[in-house]
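Residue numbers (my numbering), protein chains in the order written: chain G, 1087 to 1282; chain H, 211 to 537.
All residues carry an ideal CB built from backbone N, CA and C; glycine is no exception.
Okay, so here's the structure we're looking at.
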């Protein structure tokens, strides 16, 4: 098989989902499975997004991907769609936890971490819907690219969302996010310099 | 001039017959014990030499605190495996594993009573329990500030009865409670250096004297598991759970509002009063409803009640107080 790494990568992105479904149905998610599962879903989507952004960073620095790593570049779109796949469950499970009650929707527009989460979710929804070849052609390369740069705005919202979650591991997520933004700033400066 | 709670406290005397009743039982028990001891071999005599009788489980259910209408008891294994106890872990479901290394010797546990009080001394759990009129069982709703709730049968004694015996001075306006701050017991204390350890909580003296306020030594008819705050903890059912401090080592009577851990760390999120109130949101989430923990993916929700449904017992404590400001 030619793209064995690609296949493994694509399948492995669903392994957490299958594993959690197993934990859920075997009753091993503890006293508050909805909340436990929702944190896992959100966290995994967060790592997927970061991986995707880092691939972008490497591309910007004209990194020559060795052959065994090229599946990452080839599967960026797939990775993005899977990220949103997890985020659909993340959002629906939130609504389930709130029993679709009025406070579920009221909180979405009044509580900071939920406003931020929803805003990021909506941006990523648009990016997912326009991730197909048809949209790329329809919008044209430049416009498409500008729209997809909204991922940085979504990442900014997600930064606030993650850091304001009750009991967030501030050291872990703070470090990850600080490194991520440092790399992004460095890349921005690098691209500016290269242009000049 | 009399304060409103002093007038209201007359109603507390409704409880007196029950208190006498419990005492009478104890007198009979002790009489029987004395009878036994007088003809018993030496190992029983050693038992008698102890200041207070051993804690007995299960205790009799107080008829005024049966299971709340329309609610079910939370499953015991669930209530014993889902605990906030930051001294051990931030993860509620990790705590149960982490307490394994805590070699708790309940007999050696001492609670220091200090401050503006006549009986300044260290007491054993048994002594406190005896002074508090002995054990009884009460089923209370338990509402966490995080938005989940349980229904738990606690075993313990009414704090007001203990306070009566300890004789606080009139200048004592607040009661301050502290948990152990020993890193050797709770290893996670060291991982949270910015927290003002040891865990400290406080009540106004009127809140502490309210007949609902309990010192729990057990739950589900057994001694408290370590993760739930063994060997003794506070239970204030009309307040968010973090007020109900676990594993108490110190009770101090003070004249000023004590600094309490969560209020100190995040004053905008956790007030000193922390009364359950659906109308006062936590800054980061609504308190309008609560998830009834039942380990299902689709947790039941119910509307949160003012003072967690204990309004008629405690609303008088807060007359004239703006609950939105004094959250």
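Exercise. Leaving aside the five residues before and after residue 382(H) along the sequence, list all residues of the same chain whose C-beta is less than 8 Å from its C-beta, in chain order.
Key: 325, 326, 327, 415, 463, 464 and 465
_Partners in chain H for residue 1250(G), counting only beta-carbon separations shorter than 9 Å_ = 494
Quiz item: Does residue 1187(G) have its Cβ less than 8 Å from a Cβ in chain B?
Solution: Structure shown: chain B not included; protein chains present are G and H.
Residue closest to residue 438(H), alpha-carbon to alpha-carbon, out of 277(H), 292(H) and 284(H): 292(H)
ask   = Comparing alpha-carbon positions, which option in 495(H), 427(H), 426(H) and 413(H) lies nearest residue 473(H)?
value = 413(H)
_What does DSSP give as the partner residue(s) for residue 1112(G) in the beta ladder?_
BP columns for residue 1112(G) are empty, so no partner.
**Q.** With 16 other Cβ atoms within 10 Å as the buried cut-off, status of residue 1195(G)
**A.** exposed
Item to check | First and last residue of the uninterrupted alpha helix (DSSP H) at residue 338(H) | outcome: 335–341
Which residues bound the alpha helix (DSSP H) around residue 1098(G)? 1090–1098
Cβ distance (whole Å) where residue 480(H) is taken to contact residue 362(H) below 8 Å | Contact doesn't hold; Cβ gap of about 21 Å is too wide.
Open item on the list: Would you say residue 1110(G) lies against chain H (beta-carbon separation less than 8 Å)?
Closed with: yes
- Message: If contacts are defined as beta-carbon pairs under 8 Å, then residue 461(H) and residue 323(H) qualify, I think. What distance do you get, rounded to the angstrom?
- Response: 5 Å
If we require 4 or more residues per run, which alpha helix (DSSP H) segments fall completely within the region 362–401 of chain H? 369–376
| message | Please confirm whether residue 1129(G) has its beta-carbon closer than 8 Å to some beta-carbon of chain H. | response | no
Cβ-based burial, residue 348(H) [other Cβ within 10 Å; buried from 16]: buried
- request: May I ask you to verify whether the region 291–309 of chain H touches the region 417–428 of chain H, counting CB pairs closer than 8 Å and requiring at least 3?
  value: no
_According to DSSP, residue 429(H) sits in a beta bridge with which residue or residues?_
364(H) and 432(H)
Inset, instruction - Scan the region 472–496 of chain H for residues whose Cβ lies nearer than 7 Å to a Cβ of chain G and list them as they occur along the chain. - result: 494, 495 and 496
| By how many angstroms is the C-alpha of residue 1128(G) removed from the C-alpha of residue 529(H)? | 44 Å
### Message
Let's test the definition: count the other Cβ atoms within 10 Å of the Cβ of residue 457(H) and tell me whether it reaches 16, buried, or not, exposed.
### Response
buried
Count the other CB atoms within 10 Å of the CB of residue 1108(G); is the residue buried (16 or more) or exposed (fewer)? exposed
(Q) Could you tell me the alpha carbon to alpha carbon distance between residue 1146(G) and residue 351(H), rounded to whole angstroms? (A) 57 Å
| Is residue 1190(G) closer than 8 Å to residue 1181(G) when the C-beta atoms are compared? | yes
So, does the CB of residue 539(H) fall closer than 8 Å to a CB anywhere in chain G?
Residue 539(H) falls outside the range modelled here, since chain H spans only 211 to 537, and no answer is possible.
- prompt: Can you name the residues of chain H whose CB is closer than 7 Å to the CB of residue 1182(G)?
  reply: 508
DSSP has residue 321(H) in a bridge; who is on the other side?
333(H)
Taking CB distances under 8 Å as the criterion, tell me whether residue 1197(G) reaches chain H. yes
Taking the Cβ atom as the reference point for each residue, do residue 319(H) and residue 334(H) lie within a distance shorter than 8 Å? yes
Q. Do we get a CB-CB distance below 8 Å when we pair residue 1118(G) with the residues of chain H?
A. yes
Assess contact between the region 1139–1154 of chain G and the region 1262–1275 of chain G, defined as three or more Cβ pairs (one per stretch) separated by less than 8 Å. Is contact present? yes
### Task
Please report the Cβ distance between residue 512(H) and residue 499(H), rounded to the nearest whole angstrom; I am assuming they are in contact, meaning their Cβ atoms lie under 8 Å.
7 Å
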